[in-house]
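Just below is one structure, and these are the notes that go with it.
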Amino acid sequence: MNDVGGAALQFAFVAALYAIATALIGVRTGRQELIRSAERATFGVFALVSVAMIALLFAILTHDFRVQYVTSVSNLSMPIFYLIASLWGGQEGSMLLWLWVLTLYGAIAVAQNLHRNRELMPYVVPTLMATSILFLAILIFAENPFHELAQAPLDGQGLNPLLQNPLMVIHPPNLYLGFVGFAVPFSFAIGALASGRLDSQWIRSIRRWTLIPWLFLTVGILLGGQWAYVELGWGGYWAWDPVENASLLPWLTATAFLHSVMIQEKKGMLKVWNMSLVILTYGLSIFGTFLTRSGVISSVHAFAESSLGVYFLIYLAIALTIAVALLVWRLPELRSDHRLESVLSRESSFLFNNLFFVGIMFSVLWGTMFPIISEAVRGVKISVAAPFFNQVNVPLGLALLLLSGVCPLIAWRRGSVRNFQRNFLNPLVVSLLGVAVLYGSGIRHVVALISLSICLFTFSTIVLEFYRGTRARRASTGGTAWQAFFSLMTRNRRRYGGYTIHFGVVLIFVGITGSSAYKIERDIVLDPMEQTTVGDFALRYETLESDLQPTHESIRARVEVSRNGRYVTTLFPERRFYFAQNQPTTEVALRTSLLEDLYIILAGFEPSGTATFKVFVNPLMVWLWLGGLVMIIGTLIAIWPERGQSARIGAPGTPTTETAAEQG
Amino acid sequence: MSKQHVKLSIGAAIVVASMVYLMFSGATGSTMYYMTVPELHQQVAAMQGEAIRVSGKVTADPIHWDVRNLQLTFTMGEGEASVPVSYKGVKPDMFQIGADVIVEGQIGQDGTLIASHLMTSCPSKYEEEKPTS
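Protein sequences appear in the order of chains A and B. Our numbering applies: residue 1 is where the first sequence begins, and numbers increase by one. Our numbering applies: residue 1001 is where the second sequence begins, and numbers increase by one.
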């Protein structure tokens, strides 16, 4: 089976080369059958990589410890759930998963376009295959997942216990589905540039192809944060670590693109800008993979320090050179159809939105690369820490949030003072009243007050939009308010899906504000039956309990939690010792409520029973995760195909659902 | 250029300028010298009082873990060079002899690195050492 897997990768390499060559020859000579053959080869590459995936899974499930990879990520005692997860629990396996997702996306994209976008496909196929070749080359020449040991050990090392968490099982595939997915919009952009079909057709074809990876990346980032929160035991969810930043960079440019593409679809403006954002997003997703794999920037995440970096850098340089050259070549054909008419227009608010997203991206990139930049310029490695990222990104993030409230209320083309009064008065009043209430209830943290007031403002503009839309819908169709509301949602999925996503973002800001401005962090040492208070909570440490499991030994403390004299719950912060990996782990005890999270870890204990705890109270924490959930729902609403959508896709300039709704 | 374009450009310029300002002021406020243990070893005196971020490994020297006071003292090193570290806080799960650690803090009077942050390399998806056959 291992030989089959290795051979499948080599055949896939050849097939991918074949696809590139035949597609390009086909388009030069005008021979359609060659292009068809190249497209079939992309299916072949997908099938071959799938064979390699199955072969590796087979090796893991059958405990074939001759395979070095299997030895390093699995062992005999692991349950099947984590055995499957160990398929992407190590460097080689995760690269294989990356590649498999890429070839899957490629095959789907080709299958969708067997009768559409025929001018673009001869370039789309080679672009997708070139990315596959990068990963195939790495898997064949540098990090072979099927590499066999001279002597097979009796048992493997097993997956790191910290990774044995359901969140960690689904987090990497999500990130890959996101990262890899941007290869499809990129290949269509290259297709449009190379073929000269620069109308908005390609943009429409990739609309979902940007939203879907964006959704996966969003989910992946949130899951990563949640895993860090519940598993790592430091009470936080985001540390501005290079690996985290690497996932955020393409997300930021992709989000900018999702917004600015609307301007191109409706107004035919920003064509060069959108093209650049697609190229940049792809570049950053490759760059992010490079950052996490090359060990060029040291991070808390253990990177395998390997020679992989060279592969990525060479590939990135070639891909970006070609893309930028094509873009410059087509520059004269990418002129705007319209010009901007007013500073106070929705168009310009989109421009500022993009400016902020790209600005945040640059600041994160700058901070992440700072050690390398400073070493090159001044000869000393200087790193910047979390305060830098917070100082820069808190104002920018708040400005963006404000913009997301303002933007939908400004008219297209030209806003007016009356338009402003009509739309902004109520949200402004709500937001000011809210701040007054918060101030009255004793909140004096300035940034928190600003942030929450913007949250309220944006929230009320979203409510206003839904309310007005529903009212207009009801006036024209009758029925109950609920019927009108649902019909509004189903008829303008993209628009109201977008507002729903914004609502999720508001909730996330609420969560971040509460948990960072009012976080309580305490170290406490308690004897058995001793009591202490943290925030509003009274904690009574009762006793230590121990338990012996086949894979680990567990010691947990029994802590009774009460508030204002009333019993709340009993928590069991725990320490485990895993025998196979010879490693202790901390199991967080967490009590979540809508108001705050109580988060307790058992830092250590003495033979006498005296125990040391680290206790966090993270206010409003759960809103962050709920906001993520709302974002997912909103994205699904936006992605879902609209009924009779094909009829609505007309030439640019035909009234779209959005303008129709505005007239209503 | 129309009047609207001028206005828009001014607005954009203000936004960009404030972002650049934020980036540079933020960078000067929170920088740390980033070095390995041997690099630190050569300039311990010069680094006194500076914010530093040091990467290295936990050496085999005795580790003291005072549970009651959450006080962790150990030696980190790389090659021949080493530096004593004192950290107040919870001992991370992955902390053990030979673990890769990143320490942020300052060099104290006696040459001890007083750590405000101690991070062990997170296991992440990537295995650290390959089994040798």
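Cβ atoms here follow ideal geometry from the backbone N, Cα and C, with glycine treated the same way.
Worksheet item: According to DSSP, what are the bridge partners of B:Thr1031?
Response: To locate residue 1031 of chain B, count along the second sequence from 1; it is residue 31. A:Val384.
Worksheet item: Can you name the residues of chain A whose CB is closer than 7 Å to the CB of B:Leu1040?
Response: By one-based count along the second sequence, residue 1040 of chain B stands at place 40. None at all; the shortest Cβ gap to chain A is about 11 Å.
Practice prompt. Return no unless some Cβ of chain B is closer than 8 Å to the Cβ of A:Trp227.
Written response: The sequence position of residue 227 of chain A within the first sequence is 227, counting from 1. Not an interface residue.
Worksheet item: Got a sec: is the Cβ-Cβ distance from A:Ala7 to anything in chain B below 8 Å?
Response: To locate residue 7 of chain A, count along the first sequence from 1; it is residue 7. At a cut-off of 8 Å, the C-beta of A:Ala7 has no neighbouring C-beta in chain B.
Worksheet item: With a Cβ-Cβ cutoff of 8 Å, do A:Glu673 and A:Phe577 count as a contact?
Response: Residue numbering for chain A in the displayed model covers 1 to 664; residue 673 of chain A lies beyond these limits and cannot be assessed.
Item to complete: Work out the CA separation of A:Ser374 and A:Gly498 for me, nearest whole Å.
Response: Mapped onto the first sequence, residue 498 of chain A falls at position 498. Mapped onto the first sequence, residue 374 of chain A falls at position 374. Between the C-alpha atoms of A:Gly498 and A:Ser374 there is a straight-line separation of about 40 Å.
Worksheet item: Candidates A:Ile382, A:Met269, A:Leu270 and A:Val406: which alpha carbon is nearest B:Met1035's?
Response: Position 35 of the second sequence, counted from the first residue, corresponds to residue 1035 of chain B. Of all alpha-carbon atoms in A:Ile382, A:Met269, A:Leu270 and A:Val406, the one lying nearest the alpha-carbon of B:Met1035 is that of A:Ile382.
Worksheet entry | Short CB-CB distance (under 8 Å) between A:Leu636 and chain B | Here the question's residue 636 of chain A lines up with position 636 in the first sequence. A:Leu636 does not count as touching chain B.
Item to complete: Measure from the alpha carbon of A:Thr458 to the alpha carbon of each residue in A:His338, A:Pro427, A:Leu488 and A:Leu177, then state which is nearest.
Response: Here residue 458 of chain A is taken as the residue at index 458 of the first sequence, counted from 1. Ranking the options by Cα distance to A:Thr458, first place goes to A:Pro427.
Practice prompt. To the nearest angstrom, report how far apart B:Ala1012 and A:Val110 are at their CA atoms.
Written response: For this step, residue 1012 of chain B is matched to residue 12 along the second sequence. For this step, residue 110 of chain A is matched to residue 110 along the first sequence. Rounded to the nearest angstrom, the two C-alpha atoms are 40 Å apart.
Item to complete: Kindly say whether A:Pro332, judged by its beta-carbon, lies nearer than 8 Å to any beta-carbon of chain B.
Response: Along the first sequence, read from residue 1 onward, the residue named residue 332 of chain A stands at position 332. Residue-level contact by beta carbon fails for A:Pro332 and chain B, as no gap is shorter than 8 Å.
Worksheet item: Which value, in whole angstroms, describes the spacing of the CA atoms of B:Leu1113 and A:Ile601?
Response: As a first step, residue 1113 of chain B is located in the second sequence; it is residue number 113 there, counting from the start. As a first step, residue 601 of chain A is located in the first sequence; it is residue number 601 there, counting from the start. A:Ile601 has its alpha-carbon roughly 26 Å from the corresponding atom of B:Leu1113.
Worksheet item: For B:Leu1040, does the count of other Cβ atoms within 10 angstroms reach 16, so buried, or fall short, so exposed?
Response: Mapped onto the second sequence, residue 1040 of chain B falls at position 40. The residue is buried, with at least 16 neighbouring Cβ atoms inside 10 Å.
Practice prompt. With DSSP as the reference, label A:Val506 as helix, strand or coil.
Written response: Along the first sequence, read from residue 1 onward, the residue named residue 506 of chain A stands at position 506. Three-state result, A:Val506: helix.
Practice prompt. List in chain order: all unbroken alpha helix (DSSP H) runs of 4+ residues lying wholly within the segment 236-300 of chain A.
Written response: Here the runs fully enclosed are 242-267 and 271-294.
Worksheet item: Are three or more beta carbon pairs between the segment 334-342 of chain A and the segment 314-324 of chain A nearer than 8 Å?
Response: Too few Cβ pairs lie closer than 8 Å, so no.
Item to complete: Could you say if the segment 93-104 of chain A and the segment 45-53 of chain A meet the contact criterion of at least three C-beta pairs nearer than 8 Å?
Response: Because the criterion of three Cβ pairs below 8 Å is met, the segment 93-104 of chain A and the segment 45-53 of chain A touch.
Worksheet entry | Same chain only: Cβ atoms within 8 Å of B:Gln1096, ignoring 5 sequence neighbours per side | To locate residue 1096 of chain B, count along the second sequence from 1; it is residue 96. Correct list, in chain order: Val1058.
Worksheet item: Does DSSP classify B:Leu1113 as helix, strand or coil?
Response: If you number the second sequence from 1, residue 1113 of chain B lands on position 113. Residue state, collapsed to three classes: strand.
Item to complete: Buried or exposed for A:Pro173, please, with buried defined as at least 16 other CB atoms from any protein chain shown within 10 angstroms of its CB.
Response: Within the first sequence, numbered from 1, the residue matching residue 173 of chain A stands at position 173. A:Pro173 is buried by the Cβ-count criterion.
Discussion item. Less than 8 Å between the C-beta atoms of B:Val1037 and B:Glu1078, yes or no?
Written reply: Counting from 1 along the second sequence, the entry for residue 1037 of chain B is found at position 37. Counting from 1 along the second sequence, the entry for residue 1078 of chain B is found at position 78. Yes.
Item to complete: Report the three-state DSSP secondary structure of B:Lys1091 (helix, strand or coil).
Response: Translated into positions along the second sequence, residue 1091 of chain B becomes position 91. DSSP places B:Lys1091 in coil when its eight states are reduced to three.
Discussion item. Quick check on A:Gly478: buried or exposed, where buried means 16 or more other Cβ atoms within 10 Å of its Cβ?
Written reply: Counting from 1 along the first sequence, the entry for residue 478 of chain A is found at position 478. Around the beta carbon of A:Gly478, fewer than 16 other beta carbons lie within 10 angstroms, which makes this residue exposed.
Item to complete: Ignoring anything shorter than 3 residues or poking outside the segment 459-531 of chain A, list the beta strand (DSSP E) runs there in chain order.
Response: If only complete runs of 3 or more residues are kept, the segment 459-531 of chain A shows the beta strand (DSSP E) at 520-526, in order along the chain.
Worksheet item: Going along chain B, which residues have a C-beta under 8 Å from A:Ala254?
Response: Mapped onto the first sequence, residue 254 of chain A falls at position 254. Ordered by position in chain B, no residue passes the 8 Å Cβ test against A:Ala254, which lies about 20 Å from the chain.
Worksheet item: Which runs of the alpha helix (DSSP H) fall wholly inside the segment 1014-1077 of chain B and span at least 4 residues, in chain order?
Response: Restricting attention to alpha helix (DSSP H) runs no shorter than 4 residues, the segment 1014-1077 of chain B encloses them at 1037-1042, ordered along the chain.
Practice prompt. Compute the distance between the beta-carbons of A:Leu120 and A:Gly191, then report whether it is under 8 Å.
Written response: Along the first sequence, read from residue 1 onward, the residue named residue 120 of chain A stands at position 120. Along the first sequence, read from residue 1 onward, the residue named residue 191 of chain A stands at position 191. Cβ atoms of A:Leu120 and A:Gly191: closer than 8 Å.
Worksheet item: What whole-angstrom Cβ distance do A:Phe357 and A:Ala256 have, given they're in contact under 8 Å?
Response: Your numbering for residue 357 of chain A matches position 357 in the first sequence. Your numbering for residue 256 of chain A matches position 256 in the first sequence. At roughly 4 Å, the Cβ-Cβ gap stays under 8 Å, so A:Phe357 and A:Ala256 are in contact.
Worksheet item: Would you say A:Ala665 and A:Leu96 are within 8 Å of each other, going by their C-beta atoms?
Response: Outside the shown range of chain A, which is 1 to 664, sits residue 665 of chain A, and nothing can be said about it.
Discussion item. Just to check my reading of the structure: A:Thr470 and A:Ala484 have Cβ atoms closer than 8 Å, yes? What is that Cβ distance to the nearest angstrom?
Written reply: For the purposes of this step, residue 470 of chain A is taken as the residue at position 470 of the first sequence. For the purposes of this step, residue 484 of chain A is taken as the residue at position 484 of the first sequence. Indeed they touch by this definition, with Cβ atoms about 5 Å apart.
Practice prompt. Kindly list the residues whose CB is nearer than 8 Å to the CB of A:Ser363, restricted to its own chain and excluding five residues on each side of it in sequence; keep chain order.
Written response: Within the first sequence, the letter at position 363 stands for residue 363 of chain A. In the same chain as A:Ser363, and ignoring 5 residues on each side of it, the C-beta atoms closer than 8 Å to its own belong to Phe389, Val392, Asn393 and Leu396, in chain order.
Item to complete: Alpha carbon to alpha carbon, how far is A:Tyr315 from A:Leu336? Give it in angstroms, no decimals.
Response: Working through the first sequence from its first residue, we reach residue 336 of chain A at position 336. Working through the first sequence from its first residue, we reach residue 315 of chain A at position 315. A small correction: the amino acid at residue 336 of chain A is Ser; Leu does not occupy that position in the sequence shown. Going from the Cα of A:Ser336 to the Cα of A:Tyr315 covers about 32 Å.
Worksheet item: Quick one: what does DSSP say A:Pro166 is sitting in, helix, strand or coil?
Response: Taking the first residue of the first sequence as 1, we reach residue 166 of chain A at position 166. Here A:Pro166 sits in helix by DSSP.
Worksheet item: Is the shortest distance between the beta-carbon of A:Thr321 and the beta-carbons of chain B less than 8 Å?
Response: Within the first sequence, the letter at position 321 stands for residue 321 of chain A. Among the CB atoms of chain B, none fall inside 8 Å of the CB of A:Thr321.
Worksheet entry | Bounding residues of the beta strand (DSSP E) (the contiguous stretch that carries A:Asp597) | The count along the first sequence starts at 1 and reaches residue 597 of chain A at position 597. Looking at the DSSP string, the run of the beta strand (DSSP E) that includes A:Asp597 is Glu596 to Phe605.
Fill in: is_contact[A:Asp527, chain B] using C-beta, thresh 8 Å
Here the question's residue 527 of chain A lines up with position 527 in the first sequence. No, because no Cβ of chain B sits closer than 8 Å to the Cβ of A:Asp527.
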